[in-house]
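In the working numbering, the protein residues as written are 128 to 219.
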Amino acid sequence: MAIHLFIHGLVQGVGYRYYVKRIAEMYKLKGYVRNLGLNTVEVWLEPDPNRDILMEIRKGPLLARVERVEEKKEKDKGFKDFKILESVRWEK
128 MAIHLFIHGL
138 VQGVGYRYYV
148 KRIAEMYKLK
158 GYVRNLGLNT
168 VEVWLEPDPN
178 RDILMEIRKG
188 PLLARVERVE
198 EKKEKDKGFK
208 DFKILESVRW
218 EK
(Lines of atoms letter the chains of each structure in order from A and count residues from 1; the text may use other names and numbers.)
(Lines give C-alpha, C1' and ligand atoms only; values in the text may rest on other atoms or scores of the structure.)
Protein backbone atom coordinates (compact mmCIF):
# COMPACT_ATOMS: atom_id res chain seq x y z
CA MET A 1 0.00 0.00 0.00
CA ALA A 2 0.96 3.62 -0.52
CA ILE A 3 -0.11 6.90 1.05
CA HIS A 4 -1.12 9.95 -1.01
CA LEU A 5 -1.00 13.28 0.83
CA PHE A 6 -2.12 16.79 -0.03
CA ILE A 7 -0.57 19.21 2.45
CA HIS A 8 -2.09 22.69 2.65
CA GLY A 9 -0.79 25.85 4.27
CA LEU A 10 2.47 27.77 4.19
CA VAL A 11 4.32 24.90 2.53
CA GLN A 12 5.87 26.57 -0.52
CA GLY A 13 9.07 28.58 -0.46
CA VAL A 14 10.05 27.13 2.93
CA GLY A 15 12.01 24.01 1.89
CA TYR A 16 9.11 21.62 2.38
CA ARG A 17 9.83 19.44 -0.68
CA TYR A 18 13.49 19.00 0.32
CA TYR A 19 12.42 18.24 3.89
CA VAL A 20 10.08 15.47 2.68
CA LYS A 21 12.73 14.08 0.31
CA ARG A 22 15.27 13.86 3.13
CA ILE A 23 12.80 11.96 5.34
CA ALA A 24 11.76 9.64 2.49
CA GLU A 25 15.37 8.78 1.70
CA MET A 26 16.23 8.29 5.37
CA TYR A 27 13.43 5.69 5.70
CA LYS A 28 13.96 4.22 2.20
CA LEU A 29 10.52 5.28 0.96
CA LYS A 30 9.74 5.65 -2.73
CA GLY A 31 7.50 8.12 -4.56
CA TYR A 32 7.53 11.87 -5.10
CA VAL A 33 6.79 15.33 -3.79
CA ARG A 34 5.77 18.40 -5.81
CA ASN A 35 4.23 21.83 -5.46
CA LEU A 36 0.69 22.04 -6.78
CA GLY A 37 0.27 25.78 -6.34
CA LEU A 38 -2.41 27.42 -4.21
CA ASN A 39 -0.40 26.67 -1.04
CA THR A 40 -0.50 22.90 -1.56
CA VAL A 41 2.19 20.22 -1.76
CA GLU A 42 1.43 16.70 -3.03
CA VAL A 43 3.32 13.72 -1.57
CA TRP A 44 3.22 10.06 -2.67
CA LEU A 45 4.94 7.54 -0.39
CA GLU A 46 5.33 3.80 -0.74
CA PRO A 47 5.35 1.53 1.06
CA ASP A 48 2.84 3.12 3.44
CA PRO A 49 5.00 4.70 6.20
CA ASN A 50 4.30 4.28 9.88
CA ARG A 51 2.47 6.95 11.90
CA ASP A 52 5.68 8.43 13.36
CA ILE A 53 7.08 9.12 9.88
CA LEU A 54 3.76 10.65 8.78
CA MET A 55 3.72 12.91 11.85
CA GLU A 56 7.24 14.08 10.99
CA ILE A 57 6.15 14.89 7.42
CA ARG A 58 2.99 16.64 8.64
CA LYS A 59 5.07 18.81 10.97
CA GLY A 60 7.24 20.09 8.14
CA PRO A 61 10.38 22.22 8.31
CA LEU A 62 10.74 25.07 10.78
CA LEU A 63 9.29 27.81 8.54
CA ALA A 64 6.31 25.76 7.33
CA ARG A 65 2.81 26.19 8.74
CA VAL A 66 0.68 23.17 7.88
CA GLU A 67 -3.02 24.01 8.11
CA ARG A 68 -4.62 20.84 6.75
CA VAL A 69 -3.59 17.42 5.43
CA GLU A 70 -5.67 15.17 3.17
CA GLU A 71 -4.55 11.55 3.38
CA LYS A 72 -5.61 8.65 1.18
CA LYS A 73 -4.48 5.00 0.96
CA GLU A 74 -3.61 3.89 -2.57
CA LYS A 75 -2.15 0.88 -4.37
CA ASP A 76 1.61 0.99 -4.94
CA LYS A 77 2.73 2.30 -8.32
CA GLY A 78 6.14 0.63 -8.14
CA PHE A 79 8.38 3.68 -7.82
CA LYS A 80 12.10 2.86 -7.74
CA ASP A 81 13.22 5.94 -5.80
CA PHE A 82 11.99 9.23 -4.34
CA LYS A 83 12.00 12.38 -6.47
CA ILE A 84 11.10 16.03 -6.32
CA LEU A 85 8.92 16.54 -9.38
CA GLU A 86 8.50 19.76 -11.32
CA SER A 87 5.91 22.10 -9.84
CA VAL A 88 2.47 22.28 -11.41
CA ARG A 89 1.78 25.76 -12.75
CA TRP A 90 -1.61 27.29 -11.99
CA GLU A 91 -3.07 29.88 -14.31
CA LYS A 92 -5.16 32.65 -12.78
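Ideal Cβ positions, reconstructed from N, Cα and C, are used throughout, including at glycine.
Treat the numbers as computed from the prediction; the structure is a model and nothing was measured.
How far does the alpha helix (DSSP H) with A101 in it reach, from first residue to last?
There is no way to answer for residue 101, as the model of the chain reaches only from 128 to 219.
Among V138, Q139, E198 and M153, whose alpha-carbon lies nearest the alpha-carbon of F209?
Locating residue 209 in the sequence shown gives position 82, counting from the first residue. Nearest C-alpha to F209: M153.
Should I130 and L189 be called a contact, given that it needs their Cβ atoms to be closer than 8 Å?
Stepping through the sequence shown from its first residue, residue 130 is reached at position 3. Stepping through the sequence shown from its first residue, residue 189 is reached at position 62. No, the pair does not count as a contact, with Cβ atoms beyond the cut-off.
Inter-residue CB distance, R192 and L137 (contact presumed, cutoff 8 Å):
In the sequence shown, counting from the first residue as 1, residue 192 sits at position 65. In the sequence shown, counting from the first residue as 1, residue 137 sits at position 10. The Cβ separation is near 4 Å, so the contact holds.
Spatial neighbours of L181 in its chain, beta-carbon cut-off 6 Å, leaving aside the 5 residues before and after
Here residue 181 refers to the residue found at position 54 of the sequence shown. Around L181: no qualifying Cβ.
Test item: CB-CB of V160 and V147 under 8 Å:
Translated into the one-based positions of the sequence shown, residue 160 becomes position 33. Translated into the one-based positions of the sequence shown, residue 147 becomes position 20. Yes, Cβ-Cβ distance for V160 and V147 is below 8 Å.
Which partner residues does G136 have in the DSSP bridge list?
Working through the sequence shown from its first residue, we reach residue 136 at position 9. According to DSSP, G136 bridges with V193.
Can you give the Cα-Cα distance for R144 and K202, rounded to whole angstroms?
Against the sequence shown, residue 144 aligns to sequence position 17. Against the sequence shown, residue 202 aligns to sequence position 75. R144 and K202: Cα-Cα distance of roughly 22 Å.
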